[in-house]
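Working notes for the structure below.
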Amino acid sequence: MPMSNQGQKVVVIGHRNPDTDSICAAICYAELKNREGGLKYEPRRAGKLNRETAWVLKRFGVEPPRMCTELNPKIRNVEYRHIGGLKKDVSIRAAWEIMRDENIDSLAVVGDENELLGLITVQLIAMANMDVFDNRILAKSSTSIDNILKTLGGTMVVGSGEGVVDPRGKVVIGTASPDVLEKTLEEGDIVILSNRYENQLCAIEMGVSMIIVCQGETIPKTIIKHAEEEGVAIMSVPCDTYAAGKLISQCTNVGYYMQSQDIMTFTQITPVEDAVNVMARVRYRYFPILDENGKYCGMLSRRNVLKVERRKIILVDHNERSQAVEGFEQGEILEIIDHHRIGSLETRGPVFFRNQPLGSTCSIVSLIYDEQGQEITPQIAGLLMSAILSDTLNFTSPTCTPLDRVIAKRLAGIAGVDIDSYVEEMFTAAEDMEGRSAEDFLTGDFKAFTSSDHRFGVAQGNFQTIANLNRAAELVSGALDRFRVEQNLEEMYVMLTDIRKSSTVLLYAGKHAENIVNRAFEGSPNTDGRLTLEGIVSRKKQVLPRLMEAYQEL
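Have a look at this one:
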């Protein structure tokens, strides 16, 4: 039967290398959406937390969202067949009946802990049925008496249905005379007989392990008594000797014929794209699926991967391909909430897209709470306020609007904090350089952009003291070009922003970087790859537009 993905959640996620606005917007918007009922929304993050964001979440007692570095659909998002595995002592006849009823040509063979032992396929069963010359197959495979009972629809007249066939025995169809049988039968054999008294007696005398009497014939009491005395089991079956002879080989257990080597498996977290590539190279139709503990949980077919359910996504604080989590294009974008320029991201169909020129995405989220008449709790208010203060640099950024101020001050009242003292603590936590690596700093608030076929990146750090700003400049200047190469960028720019003086030191690296900054910020003092920009603090409104224009001219 098909297996559902058990109520896939909608992922609410910000951009790569998330800042406080990106993380808080995801948390708060997911909280709002979950109040609607219906679908379940989960905030996720596309990168590690920077120090400022970690401090904010701890301050308001909020667990960080789970990491989500890519959204490529996994096997767990596919409605694969949740069909149970077989124990290795099940008969190949029973396996075939399941295949027939379930319209599947492969079944998993599992152990007591549901670990995958092998595969039994229609092809293997066909090969077993064609192996008609091996009359010792039941002994070799240690076939159970129970398998014979079930396959032939028999009942035990003498003996029990427990145990396995005698390891010495072969299968004999006893249609000949007693004289011929005496030359054929050996101790431990299984003999298939009709109602001929003399043949039944001969079989007992020859020390066979079991007599199978066909067509449900009545067995004489003397035969029953003699068999009991000699320890010979007797089974009565409804079919004739021809059918019994055909069916007896199908009693063999699947463990004997199963494929146990070179089994192609997938896990629940295998990307669908990887599974499709594997399927294109092999001839198998079905593939076992293993869970996170390596246990068997279902079968995947080629047809299943064509019906993959795309991940449902809400993007916050970005709308550019270069900033979106990997694999977003294979998902289904439901909404976009952002305050940046309209970027290069495309959707498969119409979506709810709210884009407002405010200082923070969390300002927009706060407005949506009010528009829907939803209560903003002190905890949510604290997160929204923190994001607004962070993105607007405590209302000093040119991106800040009067509405951002009104929203943030109202949120501060709900959260019960004093903005001036709170923002001092937040920025102090953010600029702490103790124990930081260059990579840690550069990825703390980093975004990649594309203009005129040029891919470049801009990182930013905010400082209240010139001492920490200079420490940051010293830390990253030697690592800037290496980071640029690792991120597959042509140019890399780093904004070290002095919040108190409303100025920025711009570091840069890359082939065209010096030419670009000289065009973008003509007249600004430039010394050894270090540009001082007075009155410039906003990446979004003051730096990025000038860089884009310079690239266009280049």
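All residue numbers for the sequence shown refer to this note's numbering, where the first residue is 4 and numbers rise by one. Just so it is clear, CB atoms sit at the ideal spot from N, CA and C, and this is done for glycine as well.
About 7 Å separates the beta carbon of residue 132 from that of residue 253, a gap short enough to meet the 8 Å contact definition. A Cβ-Cβ separation of about 4 Å places residue 261 in contact with residue 121 under the 8 Å criterion.
Put simply, the region 44-53 does not touch the region 398-409. Fewer than three CB pairs are less than 8 Å apart. Ranking 308, 286, 243 by CA distance to the CA of residue 275 puts 308 first. In the DSSP assignment, residue 315 falls outside any alpha helix (DSSP H) and lies within the beta strand (DSSP E) extending over 315-319.
The alpha-carbon separation between residue 83 and residue 116 amounts to approximately 21 Å. Contact check for residue 91 against residue 258 passes: the beta carbons are separated by less than 8 Å. Shortest Cα-Cα distance from residue 207 to any of 220, 219, 218, 177 involves 177.
Of 162, 125, 547, the smallest CA-CA separation from residue 100 is found for 125. DSSP places residue 389 in the uninterrupted alpha helix (DSSP H) bounded by 381-394. In the pairwise beta carbon analysis, the region 298-317 is classified as not touching the region 431-439: fewer than three pairs are separated by under 8 Å. By the Cβ neighbour-count rule, residue 179 is exposed, with fewer than 16 other Cβ atoms within 10 Å of its own. Look at residue 414 here: in three-state DSSP terms it is helix. A residue is called buried once 16 or more other Cβ atoms fall within 10 Å of its Cβ, and residue 452 is buried on that count. Between residue 270 and residue 290, the gap from beta carbon to beta carbon reaches 8 Å or more. One alpha carbon belongs to residue 39, the other to residue 33, and they sit about 10 Å apart. Counting along the chain, the unbroken alpha helix (DSSP H) around residue 128 starts and ends at 125-133. Contact between the region 312-323 and the region 296-303 is absent: fewer than three C-beta pairs spanning the two stretches fall below 8 Å. For the 8 Å CB-CB criterion, residue 537 and residue 329 do not form a contact. For residue 274, the three-state secondary structure derived from DSSP is strand. Here residue 403 carries a coil assignment [DSSP, helix/strand/coil]. Residue environment analysis places residue 215 among the buried positions, since at least 16 neighbouring C-beta atoms fall within 10 angstroms of its C-beta.
Our two residues, residue 525 and residue 498, have alpha carbons roughly 17 Å apart in a direct line. Using a 10 angstroms sphere on the CB of residue 46, the tally of other CB atoms reaches 16 or more, which defines it as buried. Closest in C-alpha terms to residue 531, from the list 543, 512, 545, comes 512. Put simply, of 387, 541, 322 the residue whose alpha carbon is nearest the alpha carbon of residue 372 is 387. For residue 262, there is no enclosing beta strand (DSSP E), since its DSSP letter is neither H nor E.
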